[in-house]
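Here the structure comes first, spelled out in structure tokens, and everything after it is commentary.
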Amino acid sequence: MLTATLLAVPGITALSSAARAADADLAKNGGFESGLDNWSCSASSGTTVKSPVHGGSSALQATPAGNDYAQCAQTVTVKPNSQYSLAGYVRGSYVYLGASGTGTTDVSTWTQSAPDWQRLTTSFTTGASTTKVTIYTHGWYATGAYYADDISLTGPAVDPGQPPTTPTGLAVGSVTSSSVALSWSAVTGATSYAIYRDGVKVQTASGTSATVSGLTAATAYSFQVTAVNDAGESAKSTAVTAITSTGSGPSTGLPTHALVGYLHASFANGSGYTRLADVPDSWDVIDLAFGEPTSATSGDIRFNRCPVSECSNVESDADFKAAIKAKQAAGKKVLISIGGANGQVQLTSTAARDTFVSSVSNIIDTYGLDGLDIDFEGHSLSLDASDTNFKSPTTPVVVNLIAALKTLKAKYGSKFVLSMAPETFFVQMGYQFYGTGKFGGQDPRCGAYLPVIYALRDDLTLLHVQDYNSGPIMGLDGQYHTMGGADFHIAMTDMLLTGFPVAGDTTNMFPALRPDQIAIGMPASVNAGNGYVAPAEVTKTLDCLTKKVSCGSYTTHGTWPTLRGLMTWSINWDRYSNWEFQKTFDGYFG
0 MLTATLLAVP
10 GITALSSAAR
20 AADADLAKNG
30 GFESGLDNWS
40 CSASSGTTVK
50 SPVHGGSSAL
60 QATPAGNDYA
70 QCAQTVTVKP
80 NSQYSLAGYV
90 RGSYVYLGAS
100 GTGTTDVSTW
110 TQSAPDWQRL
120 TTSFTTGAST
130 TKVTIYTHGW
140 YATGAYYADD
150 ISLTGPAVDP
160 GQPPTTPTGL
170 AVGSVTSSSV
180 ALSWSAVTGA
190 TSYAIYRDGV
200 KVQTASGTSA
210 TVSGLTAATA
220 YSFQVTAVND
230 AGESAKSTAV
240 TAITSTGSGP
250 STGLPTHALV
260 GYLHASFANG
270 SGYTRLADVP
280 DSWDVIDLAF
290 GEPTSATSGD
300 IRFNRCPVSE
310 CSNVESDADF
320 KAAIKAKQAA
330 GKKVLISIGG
340 ANGQVQLTST
350 AARDTFVSSV
360 SNIIDTYGLD
370 GLDIDFEGHS
380 LSLDASDTNF
390 KSPTTPVVVN
400 LIAALKTLKA
410 KYGSKFVLSM
420 APETFFVQMG
430 YQFYGTGKFG
440 GQDPRCGAYL
450 PVIYALRDDL
460 TLLHVQDYNS
470 GPIMGLDGQY
480 HTMGGADFHI
490 AMTDMLLTGF
500 PVAGDTTNMF
510 PALRPDQIAI
520 GMPASVNAGN
530 GYVAPAEVTK
540 TLDCLTKKVS
550 CGSYTTHGTW
560 PTLRGLMTWS
570 INWDRYSNWE
580 FQKTFDGYFG
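Numbering-wise, numbering that gives the first Met the number 0 puts 277 at position 278 of the sequence shown, and it's gapless, one number per residue.
In structure tokens form, the structure reads like this:
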């Protein structure tokens with residue numbers, strides 16, 4: 000008998016150990032280490048805090064308000080006819096811990112006052128057909144915040160099966176300055192979906208769409224989605240990138256669609272000199288070309304009007320200033336354009352920066368101008384080899400130019416018109432190459448305008464890239480585009496309005512600009528520069544970008560009816576060609 004009893008004891012021990020081994024903690028994220036994942040709190044009353052905590056690094060804090068007693072709950076899969084123990088640590092006044100949907104008798108336990116962590120426990124048996132129960136914690140009306148941590152539900156586990164497959168078809172929908180809409184294909188067996196922003200889970204969804212909000216304007220974000228069920232979470236989907244818009248921007252005083260032109264004000268060439276008063280009213284922005292530095296690195300900008308010896312019909316200073324006022328009275332903007340092909344400007348020092356600000360201010364004040372156009376070409380902008388991030392430039396000529404332009408904008412206020420006319424090499428070529436590149440050897444000027452545009456994107460009135468005198472440029476379709484037809488202008492402009500990865504790095508996106516900031520730069524005639532296109536091609540370009548018709552082989556990433564308009568080099572050359580460019584603009588926009 001003694002031997003039989005001794006033999007029986009190990010058997011009993013083995014059976015009870017097996018029973019205990021079958022039990023598991025079924026509560027997910029009971030320590031709130033993953034925020035509120037798996038928990039749903041009423042009226043957005045719950046959050047996680049780093050102090051006070053019972054275990055780990057986080058705990059739940061929930062605050063009753065009005066008729067809401069701040070319940071936080073999760074639904075757990077259980078076995079029928081099985082016993083479960085619910086436990087957790089709480090802190091605060093009137094804190095409850097309970098379970099509902101048990102199929103037998105729902106249970107709860109509570110404490111009236113827990114100035115420090117107090118353990119609550121209760122238990123229940125599931126009904127014959129119960130497969131899910133809801134565990135919860137809550138406070139009471141108007142009793143202040145409570146805390147909960149290390150909540151567990153111990154009992155027989157259920158084989159959860161397999162996690163769902165990875166979602167496919169993730170796509171970006173509507174994008175604003177602060178939100179991005181996402182959608183994806185349904186996954187069989189998924190009970191919910193998790194949305195990740197830049198690798199961090201930000202929210203969950205019960206269906207196949209969601210809008211992620213609270214984003215920063217003009218910022219690129221990467222999104223992924225996973226499918227979730229009781230067995231766990233799938234792998235993350237293929238990432239998609241979205242760039243939030245820059246917002247509505249300040250009022251510029253420009254018409255919805257504007258015609259921009261450069262007026263040869265300091266020199267003459269084969270096009271002849273055109274008096275400012277003789278510029279037709281169709282021209283909404285007139286850029287006086289050019290203000291030039293006394294030396295490349297001085298920062299001292301001078302505007303010397305064309306001398307009589309070169310421009311026999313040049314008007315007097317008094318008549319020139321009167322013409323500026325007349326144009327402004329008619330609602331036109333007259334700017335000083337700095338640089339040009341011969342005006343190399345390199346602000347290599349803070350002294351040059353300050354001289355630039357004071358000398359440009361003097362020109363603006365002397366002539367009563369509306370703003371400034373930056374037409375830096377050649378070797379004005381070039382990136383240091385160590386300067387690899389367009390969002391945080393370190394090259395002095397770039398940093399000083401940004402600072403100077405911000406100073407001028409602040410000095411003259413919101414009505415100050417700031418425009419830029421970079422060449423494609425300095426902007427769109429940045430899609431493939433940036434500066435000297437990771438391994439060196441590239442032209443350091445490549446993409447060098449990108450940090451300037453990015454830093455001033457909220458202050459920039461107009462960007463009119465020179466879609467002329469350009470080599471082939473790769474577009475967002477992965478194809479090279481060359482001058483001579485609508486295709487080139489469509490592809491180049493689409494890049495500005497869509498945004499693009501810099502040097503092919505999808506984690507380093509140059510954000511889209513607003514359509515009202517963009518005018519397309521074209522030569523006025525075959526004499527004005529390489530890349531001239533006939534009026535029919537200009538019309539095709541505008542049709543595609545503003546109406547998404549006549550796009551040819553290139554598919555744009557959007558439709559932009561508020562595209563600001565066209566820029567041309569130059570008013571003088573357009574006059575020489577019987578105002579062909581102006582007539583095309585007027586005929587299209589009315």
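Here a beta-carbon is modelled for each residue, glycine too, at the ideal position from N, C-alpha and C. Please read all numbers here as calculations on a predicted model, not as lab measurements.
Compare the Cα-Cα distances from residue i to each of the options and report the closest residue.
i, options, result
"F591", "Y430, F266, Q465", "Outside the shown range of the chain, which is 0 to 589, sits residue 591, and nothing can be said about it."
"K235", "V174, A267, T165", "T165"
"D442", "S176, T273, S381, N571", "S381"
"V94", "T108, P450, T101", "T108"
"Q73", "P514, L85, G429, L262", "L85"
"T215", "I242, S44, T190, E536", "I242"
"A350", "Y448, L181, V398, R444", "V398"
"T130", "D158, T538, S244, T120", "D158"
"V174", "I150, Q516, A219", "A219"
"V106", "Y195, L96, G429", "L96"
"M601", "K437, G439, P471, A409", "Since the first residue of the chain shown is 0 and the last is 589, residue 601 is not available in this structure."
"T142", "T121, A113, A170", "A113"
Compute the beta-carbon to beta-carbon distance between residue i and residue j, rounded to the nearest angstrom, for a pair I have assumed lies under 8 Å.
i, j, result
"S270", "Y467", "At roughly 15 Å, the Cβ-Cβ gap does not stay under 8 Å, so S270 and Y467 are not in contact."
"P155", "N228", "Rounded, the Cβ-Cβ distance is 19 Å, inconsistent with contact."
"A518", "L455", "About 16 Å separates the two Cβ atoms, so there is no contact after all."
"V132", "G100", "5 Å"
"N28", "D22", "Not really, about 19 Å apart at Cβ, beyond 8 Å."
"V201", "V211", "6 Å"
"L400", "V356", "Wrong, their Cβ atoms sit about 11 Å apart, outside the cutoff."
Please report how far the alpha carbon of residue i lies from the alpha carbon of residue j, in whole angstroms.
i, j, result
"A20", "T153", "Because the pLDDT at A20 is just 45, under 50, the model does not fix this residue reliably, and the value given afterwards should be weighed accordingly. Approximately 11 Å between the Cα atoms of the pair."
"V259", "A490", "21 Å"
"D415", "V426", "Checking the sequence shown, residue 415 turns out to be Phe, not Asp. If I take the Cα positions, the gap works out to 24 Å."
"F584", "N529", "20 Å"
"R563", "D504", "29 Å"
"W578", "S178", "44 Å"
"A60", "S39", "A quick correction: the sequence has Gln, not Ala, at residue 60. Answer to the nearest angstrom: the Cα atoms are 13 Å apart."
"H378", "L346", "12 Å"
"A267", "S308", "10 Å"
"D67", "S41", "7 Å"
"Y433", "G446", "5 Å"
"R352", "T296", "9 Å"
"F289", "Q343", "11 Å"
"A511", "Q161", "41 Å"
"K78", "P514", "59 Å"
"D197", "K49", "23 Å"
"C550", "H488", "11 Å"
"S205", "G45", "19 Å"
"L253", "V333", "12 Å"
"G10", "N80", "For G10, the pLDDT reaches just 37, beneath the cut-off of 50, and the residue's location in the model is therefore unreliable, leaving the point undetermined."
"K437", "T540", "35 Å"
"G298", "A180", "46 Å"
"H480", "D486", "7 Å"
"F222", "N341", "46 Å"
Answer yes or no: do residue i and residue j have a C-beta to C-beta separation smaller than 8 Å?
i, j, result
"P63", "Y146", "no"
"Q431", "M473", "yes"
"G91", "T136", "no"
"T293", "R301", "yes"
"L459", "M419", "yes"
"D476", "Y366", "no"
"K546", "T558", "yes"
"T225", "Y192", "yes"
"I335", "I362", "yes"
"L462", "F509", "no"
"S182", "T203", "no"
"D283", "K331", "yes"
"S469", "A527", "no"
"D280", "A209", "no"
"P395", "S348", "yes"
"F31", "A69", "no"
"A264", "A325", "no"
Quick one: does the C-beta of residue i sit closer than 7 Å to a heavy atom of the ligand SAH?
i, result
"D374", "Questions concerning the ligand SAH fall outside what the structure shown contains, since it holds no ligand whatsoever."
- Residue ranges of each beta strand (DSSP E) within the stretch 218-284, 3 or longer: 219-228, 239-242, 257-263
- Task: Within the stretch 48-75, note down every full alpha helix (DSSP H) run reaching 4 residues or more, in order along the chain.
- Result: none
- Query: Which ranges does the beta strand (DSSP E) cover as unbroken runs of at least 3 residues, wholly within the stretch 478-543, from first to last along the chain?
  - Reply: Runs of the beta strand (DSSP E) inside the stretch 478-543: 499-501, 504-509, 518-522.
- Message: Runs of 3 residues minimum, wholly inside the stretch 100-138: which ones carry the beta strand (DSSP E) assignment?
- Response: 106-124, 131-137
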